[in-house]
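J.: Residue 26 is where the sequence shown starts when you use the working numbering, and the numbers rise one by one after that. Submitted below is the structure of interest, expressed as structure tokens.
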Amino acid sequence: MACSKIFSGNLPELTSKIMQNFQEDFSTLHSCVLVSRSWCRLAIPLLWEDPFYKYLPKNYHFIDIYLDKLNKDDKVKLNEYGIITDLFPSNTLFNYPKFIKCLNIKNTVSSIKNWIENAKVSSYDKDLKLSNFIFFSLIKVFIENEASLHTFEVQYIFNSDYFKSSFQLILQNPNFICNVKDLKFDFRRLTSNLLSSLKCFYSNCKSISSLYIYSLIENYAVKDLSKIIHSQQNLKKICFDSEICILKSLKNSNCSNTLKTIIFYGIDFENLKFDFNEIFEQLNVLESIHILYCSSPLNSTIIQQIVNLTKPFKLKSLFIDEFYATQIESLKLLLQKSGNYLENIGFELSMDHETDLQFIKLIKIYCNNIIFLEVFGYGDQNIFASFDLIKNVQQNLNYLTINSQSKLSSIILRNLRQILPNRLEYLSLDLKFSINDLEVLFKDTKNVFIRKLLIINRQESDDILPCIKKYIMKEKRVAYLAVKVFFISSNRVTTIKDLFHSKDEVEEFKLYDIQVTNYDVSRIQVCKFINEMY
Numbered sequence: 026m027a028c029s030k031i032f033s034g035n036l037p038e039l040t041s042k043i044m045q046n047f048q049e050d051f052s053t054l055h056s057c058v059l060v061s062r063s064w065c066r067l068a069i070p071l072l073w074e075d076p077f078y079k080y081l082p083k084n085y086h087f088i089d090i091y092l093d094k095l096n097k098d099d100k101v102k103l104n105e106y107g108i109i110t111d112l113f114p115s116n117t118l119f120n121y122p123k124f125i126k127c128l129n130i131k132n133t134v135s136s137i138k139n140w141i142e143n144a145k146v147s148s149y150d151k152d153l154k155l156s157n158f159i160f161f162s163l164i165k166v167f168i169e170n171e172a173s174l175h176t177f178e179v180q181y182i183f184n185s186d187y188f189k190s191s192f193q194l195i196l197q198n199p200n201f202i203c204n205v206k207d208l209k210f211d212f213r214r215l216t217s218n219l220l221s222s223l224k225c226f227y228s229n230c231k232s233i234s235s236l237y238i239y240s241l242i243e244n245y246a247v248k249d250l251s252k253i254i255h256s257q258q259n260l261k262k263i264c265f266d267s268e269i270c271i272l273k274s275l276k277n278s279n280c281s282n283t284l285k286t287i288i289f290y291g292i293d294f295e296n297l298k299f300d301f302n303e304i305f306e307q308l309n310v311l312e313s314i315h316i317l318y319c320s321s322p323l324n325s326t327i328i329q330q331i332v333n334l335t336k337p338f339k340l341k342s343l344f345i346d347e348f349y350a351t352q353i354e355s356l357k358l359l360l361q362k363s364g365n366y367l368e369n370i371g372f373e374l375s376m377d378h379e380t381d382l383q384f385i386k387l388i389k390i391y392c393n394n395i396i397f398l399e400v401f402g403y404g405d406q407n408i409f410a411s412f413d414l415i416k417n418v419q420q421n422l423n424y425l426t427i428n429s430q431s432k433l434s435s436i437i438l439r440n441l442r443q444i445l446p447n448r449l450e451y452l453s454l455d456l457k458f459s460i461n462d463l464e465v466l467f468k469d470t471k472n473v474f475i476r477k478l479l480i481i482n483r484q485e486s487d488d489i490l491p492c493i494k495k496y497i498m499k500e501k502r503v504a505y506l507a508v509k510v511f512f513i514s515s516n517r518v519t520t521i522k523d524l525f526h527s528k529d530e531v532e533e534f535k536l537y538d539i540q541v542t543n544y545d546v547s548r549i550q551v552c553k554f555i556n557e558m559y
């Protein structure tokens, strides 16, 4: 009964919630548009929430729809730049500018540049001025059509004129950002215009729940960013990716009873010149801490401070680029304190095989709840210990990335069946292998269902697609598939081919309910994955 109501459109709220799960599945959303008027009204806003998303296939004509909302004077200016505004689509069915929820400055500027190229505006100086004008005009259109953002990503753009007038306009129209929940700063270089833009957020935006601070270099921005943190009443997540970590700003802030997640990404722990205790002891509802590719994460001073905390240190993620024999004792102390909380771990095995074995042994002893495992750089003396680790965490394992560009790829593929669980959400294999090796894997794992399978073969070999069709496609063993292979041409030039770009093949896989996806888009980016999961 409920199902019939959903498909007849009688339960719009429930149908809307279901459609929310398709937010990045643009093909499905486009199909929903064609089902009925009610489904169309639900799907269209989702398709237009983030029109500048860089991985969304586009021809940039959507910018025409926005610019058609400009007044006559602004259209005259566009005409002066050589843009024929009479060709803009008018009388559209929906007020599309109102639907925007996510605005990424960098992606928007990139889309504008591509749109201008398509418009064949040739002069560089003219092109630059037109870019500035269109950027400002888009912000103006969004504001005039009562758009309200929930995600705003502010990056440094070389020509900061993009910011000067646009952020002044935003300051005058605070409703545009007053409901922002996710705020991201990426300041490779900080200018006075960028600093002034920060005022928009601590003056007008009090609803931020997730704050991301990427690559902040200058000390003089710390004060303004601290103001943003202290102005918030419901901050739940904060991500630091900068040379200057403003973790101190959490001290005596309003988030002691709201902050649930802290992510350290690329932080140099050697430079953290403060006592962990005075920060973490104040955070009363902290549920997860994530250390991702940081420098010196096993610094003995920091580890000792963590060990001395009276509260649990709920380390959920630990991804390490490199580790040394001298850090084994620090790792042991950290895992004794937090290993039972650890759910995501990634590491690259070193050339010191004894250290590798000790590292793996500690994970096996203290970490029994691993969901995501990423292992790089298998060696002759550590490969079977790595297999034992995968088998040891098999019960909860749901995401597995294996990366090895050595002769051991064959051994890996021929041993995977013994260590894989019967079901995986995600398996990524980045290896050098022959068709025979791949066939052995597929035969041995015929009872394993993998929702998302990613394969990249870095060995120039025969076409592996027939093998994939035989064992994966026809047996419907995956829901999503991404494949990238290396080919060497007759003139010895190596080319890389992504199955996603083979239109006929993509359609054939669709007949078996398998969606072929872009490899680079499908590959899990750890920081993004953690942001979405916690």
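Cβ atoms here follow ideal geometry from the backbone N, Cα and C, with glycine treated the same way.
Jot down the residue ranges of each uninterrupted beta strand (DSSP E) in the region 114-152, minimum 3 residues, whole runs only, in chain order.
T.: The region 114-152 contains these whole beta strand (DSSP E) runs: 127-129.
J.: Between which two residues does the alpha helix (DSSP H) carrying Y391 extend?
T.: Start and end: 378-391.
J.: Would you mind stating whether Q307 and N279 have Cβ atoms separated by less than 7 angstroms?
T.: No.
J.: How would you call M376, buried or exposed, if buried means at least 16 neighbouring beta carbons within 10 angstroms?
T.: It counts as exposed.
J.: In chain order, what residues of the same chain lie with their CB nearer than 7 angstroms to the CB of N170, ignoring the 5 residues before and after it?
T.: Excluding residues within five positions, the ones whose Cβ falls inside 7 angstroms are K94, N120, P122, K123.
J.: Is the region 105-120 touching the region 133-140, taking contact as three or more C-beta pairs under 8 angstroms?
T.: Verdict: no, contact absent.
J.: Which same chain residues, not among the five before or five after E450, have their C-beta less than 7 angstroms away from its C-beta?
T.: So the list reads N423, Y424, R476, K477, once near-sequence residues are dropped.
J.: Does the separation of the CB atoms of V541 and L524 fall below 7 angstroms?
T.: A contact, by the Cβ cut-off of 7 angstroms.
J.: Checking contacts by CB at 7 angstroms: is V503 closer than that to chain C?
T.: The structure shown contains no chain C, having only a single protein chain.
J.: Within this structure, are the beta carbons of L54 and A68 separated by less than 7 angstroms?
T.: For L54 and A68, yes; Cβs fall inside 7 angstroms.
J.: Distance check for Q180 and K154, CA to CA, integer angstroms please.
T.: Between K154 and Q180, the C-alpha separation is close to 19 angstroms.
J.: Give me the Cα-Cα distance between F160 and T351, rounded to the nearest whole angstrom.
T.: Approximately 52 angstroms between the Cα atoms of the pair.
J.: Please name the residue or residues paired with Q540 in a DSSP beta bridge.
T.: In DSSP, Q540 forms a bridge with Y505.
J.: Give the C-beta separation of D346 and E379 to the nearest angstrom, bearing in mind that I take them to be a contact with Cβ-Cβ under 8 angstroms.
T.: Between E379 and D346 the Cβ distance is about 19 angstroms, and since that is not below 8 angstroms, they are no contact.
J.: Tell me whether Q361 is buried or exposed, calling it buried when 16 or more other Cβ atoms sit within 10 Å of its Cβ.
T.: Q361 comes out exposed.
J.: Can the beta-carbon of G371 be found less than 7 angstroms from the beta-carbon of Y391?
T.: Not closer than 7 angstroms, so no.
J.: Rounded to whole angstroms, what is the Cα-Cα separation between I444 and I555?
T.: Those two C-alpha atoms are separated by around 25 angstroms.
J.: Give the straight-line distance between the Cα atoms of V205 and F301, rounded to the nearest whole angstrom.
T.: Going from the Cα of V205 to the Cα of F301 covers about 30 angstroms.
J.: Exposed or buried, which one is N355 when buried takes at least 16 other CB atoms within 10 Å?
T.: In the sequence under discussion, the amino acid at residue 355 is Ser, which differs from the Asn named in the question. Answer is buried; the Cβ neighbour count reaches 16.
J.: Taking a contact to mean a Cβ-Cβ separation below 7 angstroms, would you say I328 touches L359 in this structure?
T.: Yes.
J.: Compute the beta-carbon to beta-carbon distance between E485 and F512, rounded to the nearest angstrom, for a pair I have assumed lies under 8 angstroms.
T.: Yes, they are in contact, since the Cβ atoms of E485 and F512 sit about 6 angstroms apart, within 8 angstroms.
J.: If you follow the alpha helix (DSSP H) that C57 is in, where does it begin and where does it stop?
T.: Looking at the DSSP string, the run of the alpha helix (DSSP H) that includes C57 is 51-58.
J.: According to DSSP, what are the bridge partners of D207?
T.: D207 is bridged to T176, S235.
J.: Identify the residues that DSSP records as bridge partners of G371: which are they?
T.: Answer by DSSP bridge pairing, in chain order: F344, E399.
J.: Identify whether E450 lies in helix, strand or coil by the three-state DSSP scheme.
T.: Here E450 sits in strand by DSSP.
J.: If you follow the alpha helix (DSSP H) that Y91 is in, where does it begin and where does it stop?
T.: 87-92 is the extent of the alpha helix (DSSP H) around Y91.
J.: Of all the options Y505, K252, L236, L340, which has the alpha carbon lying nearest to the alpha carbon of S228?
T.: Closest by alpha carbon: K252.
J.: Of the residues L456, Y349, Q383, E399, which one's Cα is nearest the Cα of L317?
T.: For the residues L456, Y349, Q383, E399, the minimum Cα distance to L317 belongs to E399.
J.: Compute the Euclidean distance between the alpha carbons of L194 and K553, then round it to the nearest angstrom.
T.: Each residue's alpha carbon lies about 31 angstroms from the other.
J.: For D266, which residues does DSSP report across the bridge?
T.: D266 pairs with Y239.
J.: When you compare only the Cα positions, how much space is there between Q430 and L456?
T.: The alpha-carbon atoms of Q430 and L456 are separated by roughly 5 angstroms.
J.: Which residues mark the beginning and the end of the beta strand (DSSP E) in which R62 is found?
T.: No beta strand (DSSP E) contains R62, which is instead part of the alpha helix (DSSP H) from 62-72.
J.: Taking buried to mean at least 16 other C-beta atoms within 10 Å of its own C-beta, is P76 buried or exposed?
T.: Under this definition P76 is a buried residue.
J.: Expressed to the nearest angstrom, what Euclidean distance is found between the alpha-carbon atoms of N447 and F167?
T.: Taking the straight line from one Cα to the other gives about 48 angstroms.
J.: When the distance is taken between beta carbons, is S234 closer than 7 angstroms to K261?
T.: In this structure, S234 lies closer than 7 angstroms to K261 by Cβ.
J.: Which same chain residues, not among the five before or five after V551, have their C-beta less than 7 angstroms away from its C-beta?
T.: Once the five neighbours on either side are set aside, the close Cβ partners of V551 are L317, F344, G371.
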